[in-house]
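Per numbering that gives the first Met the number 0, the sequence shown runs over residues 0 to 86. Cβ coordinates follow ideal geometry from the N, Cα and C atoms, glycine included. On a predicted model such as this, the values are computed, not experimentally measured, just so you know. See below for the structure under consideration.
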Amino acid sequence: MTTLILALFTAAMIGVVMFGKKHEILIASIINAVLLAGLVTAFSLNPGPDGLFYMALVFYFVIPMYGVIALFGAMKKSRVKKENSLV
């Protein structure tokens with residue numbers, strides 16, 4: 000179930016970042032924050048070794064996804080500036 004939710008959230012974030020026209024970085028960041036909150040809640044509700052799976056997902060997936068979102072934001076910002084330049 001966790002893998003399915005992770006796949007759906009990932010598809011939503013990538014779709015929003017790639018095809019969004021307005022406020023796509025904000026929407027993707029909110030989706031990632033909801034995923035982070037869900038995984039942290041799952042970690043806190045599963046004490047012991049079972050909960051470490053959820054924390055591993057946070058460190059290996061959710062936190063790097065913020066970097067990907069920031070990268071897409073920087074790329075879109077630079078593309079907009081180049082379109083408006085006279086050179």
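Collapsed DSSP secondary structure at residue i in the structure displayed
i, result
"Met-0", "coil"
"Pro-46", "coil"
"Lys-75", "helix"
"Gly-37", "helix"
Residue j beta carbon less than 8 Å from that of residue i
i, j, result
"Ile-31", "Met-54", "First, the residue type needs correcting, since residue 31 is Asn and not Ile in the sequence shown. Their beta carbons are not under 8 Å apart, which means Asn-31 does not touch Met-54 by this criterion."
"Phe-71", "Ile-24", "yes"
"Val-39", "Val-57", "yes"
Residue i versus residue j: straight-line alpha-carbon distance, rounded
i, j, result
"Val-33", "Ala-11", "12 Å"
"Leu-5", "Asn-45", "18 Å"
"Val-61", "Ala-27", "12 Å"
"Gly-47", "Lys-21", "42 Å"
"Phe-42", "Phe-8", "18 Å"
"Gly-37", "Met-0", "13 Å"
"Ile-13", "Tyr-59", "17 Å"
"Leu-51", "Val-67", "24 Å"
"Ala-69", "Ser-77", "12 Å"
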